[in-house]
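All remarks here apply to the structure that follows.
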Amino acid sequence: MLNLIIADTSLETIPVNVFKHQSLKKIRNSGKKPKEILLDRSLHHFAMMSAKLDEDYKRGRPDILHIALLNALATPLYKRNHLRVFIHTIDDNVILVGNNVRFPKSYSRFEGLMLNLFRDKKIISEDEQLLLDLRSNTNFGDLLKVFVKPEIVLGLSTTGTFKSLESIGADLASYTNGCVVIGGFPKGHFSKNIESYFDKKFSISDMGLESQIIISRLLYEFEKNVLV
Ligand SMILES: C[S@@+](CC[C@H](N)C(=O)[O-])C[C@H]1O[C@@H](n2cnc3c(N)ncnc32)[C@H](O)[C@@H]1O
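Right under this line is the structure:
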């Protein structure tokens, strides 16, 4: 089994100080409450700049998670139950992704699903399967200790030591419950707290690449060792 954690993910509802910014008057007039809006840099850039959010360069990109999930959940590895997926968000929420979950391809439907999840804490399918389970105020350490319980935690980052994806995939496949952590943010690096849980940290290229590319390629390398 491989556990994939998408960590420090750029997924949160709009902070109140951003919501109050003058450039977002139209949104306020629409009657929506902050808990009903995902922070999105493509719509809220000026308000985010003016609110001087901490680590603003890592925030407001829920589309990164959408694309990453579409890639991970479409793999044979996930479809054959060799992959568990966890999302840790930048403000310490954890989302447990069930088996056989299919995320909507349309971004606006994905956004609606995430807002429903923040409101209801669970998304359950018509046949009563738990698809998504939000655990609020759960930090990265709790996620590892309570839910993942891995034998090894590998972090992937441009600041790691170089190793090919092929050998990382083979290494992970030698464990019955390994874990790999990939960032769900656009720029910057993992928080120091997250890095403190890595047993090893690897870089797979001298280029900084997008999360979905790293995820797809890593899962493929892992898959080659476990599926025929
Ligand atoms: C857009 S990057 C985040 C930017 C960050 N400066 C970086 O390059 O690690 C998103 C994630 O993809 C992974 N990633 C991107 N390029 C990588 C590389 N060359 N080696 C290993 N992981 C990489 C990391 O997990 C990273 O957190």
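Residue numbers (my numbering): 138 to 365. Just so it is clear, CB atoms sit at the ideal spot from N, CA and C, and this is done for glycine as well. Keep in mind that this is a model prediction, so the values were computed, not measured.
TODO: With a cut-off of 5 Å, give the chain-ordered residues whose Cβ is closer than this to any heavy atom of ligand 1.
DONE: Cβ atoms closer than 5 Å to ligand 1 belong to Leu293, Ser294, Thr295, Ile319, Gly320, Ser340, Ile341, Ser342, Gly345, Leu346, Ser348 and Ile351.
Task: Residue environment, serine 179, which counts as buried when at least 16 other CB atoms sit within 10 Å - done: exposed
Open item on the list: What residue range does the beta strand (DSSP E) around glycine 249 cover?
Closed with: No beta strand (DSSP E) contains glycine 249, which is instead part of the alpha helix (DSSP H) from 244-257.
Open item on the list: According to DSSP, is phenylalanine 240 part of a helix, a strand, or is it coil?
Closed with: In the three-state scheme derived from DSSP, where H, G and I count as helix and E and B as strand, phenylalanine 240 is classed as coil.
Open item on the list: Assuming glycine 292 and phenylalanine 359 are in contact, meaning their beta carbons sit under 8 Å apart, how far apart are those beta carbons, in whole angstroms?
Closed with: The pair is not a contact, with the Cβ atoms about 16 Å apart (cut-off 8 Å).
Task: Beta-bridge pairing of asparagine 140 - partner residues as DSSP gives them - done: Arg221 and Cys316
Open item on the list: Let me confirm a value: glutamine 266 is counted as buried when at least 16 other C-beta atoms fall within 10 Å, else exposed. Which label applies?
Closed with: exposed
Open item on the list: I believe asparagine 236 touches asparagine 218 by the beta-carbon criterion, under 8 Å. Please report the beta-carbon distance rounded to the nearest angstrom.
Closed with: 6 Å
- [ ] Tell me whether lysine 300 sits in a helix, a strand or coil according to DSSP, three-state version.
- [x] coil
Open item on the list: Quick check: what's the CA-CA separation for serine 353 versus alanine 209?
Closed with: 6 Å
Open item on the list: As an exercise, report each continuous alpha helix (DSSP H) stretch of at least 4 residues that is fully enclosed by the stretch 171-221, in chain order.
Closed with: Runs found: 178-188, 199-210 and 213-216.
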